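Participant:
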Ligand SMILES: [Zn+2]
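In my numbering, the protein residues as written are 825 to 899.
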């Protein structure tokens, strides 16, 4: 697997931590986090938001249903 220097865009072997062309650090931070475009990042944040509030809504609905069920059981 190759990685690309963020400064001069030359291809480097995975084991290299520094670019042999310009000396730029191309360690783990560059290798693990590929550049994400703002559009994709916004989409991911929106998905996280939907999942977060979706779960919250489900929990609230379950709580309401539980209370409703509890009162109807005791009648
Ligand atoms: Zn470089």
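Every residue gets a Cβ at the ideal spot worked out from N, C-alpha and C, and that includes glycine. Because the structure is a prediction, the values reported are computed rather than measured.
Answer yes or no: do residue 845 and residue 861 have a C-beta to C-beta separation smaller than 7 Å?
Facilitator: Going by C-beta atoms, residue 845 is not nearer than 7 Å to residue 861.
Participant: Report yes if the C-beta of residue 831 is less than 6 Å from at least one heavy atom of ligand 1; otherwise report no.
Facilitator: Yes, ligand 1 has a heavy atom inside 6 Å of this Cβ.
Participant: Mark residue 832 as exposed unless 16 or more other C-beta atoms lie within 10 angstroms of its C-beta, in which case mark it buried.
Facilitator: Exposed, because fewer than 16 other Cβ atoms sit within 10 Å of the Cβ of residue 832.
Participant: Between residue 879 and residue 850, which are expected to be in contact by the criterion C-beta below 8 Å, what is the C-beta distance as a whole number of angstroms?
Facilitator: Not really, about 38 Å apart at Cβ, beyond 8 Å.
Participant: Quick one: using the 10 Å Cβ neighbour count with 16 as the cut-off for buried, is residue 885 buried or exposed?
Facilitator: With fewer than 16 Cβ atoms within 10 Å of its Cβ, residue 885 is classed as exposed.
Participant: Under the rule that 16 or more other beta-carbon atoms within 10 Å means buried, what is residue 882, buried or exposed?
Facilitator: Exposed, since its Cβ has fewer than 16 Cβ neighbours within 10 Å.
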